[in-house]
Amino acid sequence: MPCWKGIGDRIVRHVHSQALQLSYVYLGLPHRTALSRHCLIELATEAGKVWPGTRVAASRLTLMHDIAGASADSSARSHYVVEMKPEPGWGIELQRWYDQEHLPALAAVPGCIRAQRFWNNDDEQESLACYDLVSDRTTASAEWLAVRETSWSARVRPHFMKPVRTMFALADAALP
Numbered sequence: 021m022p023c024w025k026g027i028g029d030r031i032v033r034h035v036h037s038q039a040l041q042l043s044y045v046y047l048g049l050p051h052r053t054a055l056s057r058h059c060l061i062e063l064a065t066e067a068g069k070v071w072p073g074t075r076v077a078a079s080r081l082t083l084m085h086d087i088a089g090a091s092a093d094s095s096a097r098s099h100y101v102v103e104m105k106p107e108p109g110w111g112i113e114l115q116r117w118y119d120q121e122h123l124p125a126l127a128a129v130p131g132c133i134r135a136q137r138f139w140n141n142d143d144e145q146e147s148l149a150c151y152d153l154v155s156d157r158t159t160a161s162a163e164w165l166a167v168r169e170t171s172w173s174a175r176v177r178p179h180f181m182k183p184v185r186t187m188f189a190l191a192d193a194a195l196p
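So the sequence shown is numbered by the working numbering: it starts at 21 and just counts up by one.
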């Protein structure tokens, strides 16, 4: 029996970028589960069969922060992800910025349904912030852009190493 059997029914969210041919699948496990690196590779291989032509990788994420957004009662159509690694010596300041200012302020923007931040235990991009949005246009709103322009943001943002920003659409698919 595959090591991942039984976790496919715990898919919390599947998002896809058609332009990048890239999918992210979030699994909600009932308790802390130690998935081995081998199991992650096996899971990624199987997911590649379900979504052919899509780059697949698997990472274990630890939830750091979860905030209901201003539009929490709405349905998400988009999922925006910001991934990066802080420069050495900037990890604690980055965490303070996300926890105290950035994530709460973006969650308060109309059109944001949920704001979350995860620690990636397996990838070079250690920090993963994600936002469920009413529309991909939410990130272009004056309110969203104002949050990005604070003095604290200006001080912290230059210390992101290799930031990757991706806008996904919500998708419907499940592992067998």
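Built from N, CA and C at the ideal position, the CB exists for glycine as well. What you are looking at is a predicted structure, and each value in this text was computed from that prediction instead of being measured.
May I have the straight-line CA-CA distance separating Gln41 from Ile61, to the nearest angstrom? Within the sequence shown, residue 41 is the residue found at index 21, counting from 1. Within the sequence shown, residue 61 is the residue found at index 41, counting from 1. Those two C-alpha atoms are separated by around 19 Å.
For Arg33, collect the residues of the same chain with a Cβ closer than 6 Å to its Cβ; drop the 5 residues on either side in sequence, then sort them by chain order. In the sequence shown, the residue the question calls residue 33 occupies position 13. If we look at Arg33 and ignore the five residues flanking it on each side, its Cβ neighbours are Tyr46.
Establish whether the CB of Gly109 and some CB of chain C are separated by less than 8 Å. The structure shown contains no chain C; it is built from a single protein chain.
Member of Ala160, Asp152 and Pro108 whose CA lies at the smallest distance from the CA of Val101: To locate residue 101, count along the sequence shown from 1; it is residue 81. Answer by Cα proximity: Asp152.
Name the DSSP bridge partner or partners of Tyr118? Counted from its first residue, the sequence shown places residue 118 at position 98. Tyr118 is not bridged to any residue.
Gln136 - partner residues in DSSP beta bridges: If you number the sequence shown from 1, residue 136 lands on position 116. According to DSSP, which records beta bridges pairwise, Gln136 is partnered with Asp86 and Cys150.
Buried or exposed: where does Thr158 fall if 16 or more other Cβ atoms within 10 Å of its Cβ makes it buried? Mapped onto the sequence shown, residue 158 falls at position 138. Buried, because 16 or more other Cβ atoms sit within 10 Å of the Cβ of Thr158.
For Met104 versus Phe180, is the C-beta spacing smaller than 8 Å? Against the sequence shown, residue 104 aligns to sequence position 84. Against the sequence shown, residue 180 aligns to sequence position 160. Closer than 8 Å, so yes.
Neighbourhood of Ser94 by C-beta, 7 Å cutoff - its chain only, sequence neighbours within 5 removed: As a working note, residue 94 is residue 74 in the sequence shown. Only Ile133 and Val154 meet the Cβ criterion.
With distances taken between CB atoms, is the gap from Asp142 to Ser56 smaller than 8 Å? Residue numbering aside, residue 142 sits at position 122 when the sequence shown is read from its first letter. Residue numbering aside, residue 56 sits at position 36 when the sequence shown is read from its first letter. It is not a contact, given that the beta carbons lie outside the stated cut-off.
Starting from Ala64 and walking both ways along the beta strand (DSSP E), at which residues does that stretch end? On the sequence shown, position 44 is the one that residue 64 refers to. Not the beta strand (DSSP E): Ala64 falls in the alpha helix (DSSP H), residues Arg57 to Val70.
Once the 5 residues before and after Asp8 are set aside, which same chain residues still bring their CB inside 7 Å of it? Lying outside 21 to 196, the shown extent of the chain, residue 8 is not represented and no answer is given.
When DSSP builds the beta bridges, which residues end up paired with Lys105? The count along the sequence shown starts at 1 and reaches residue 105 at position 85. Paired residue(s): Met181.
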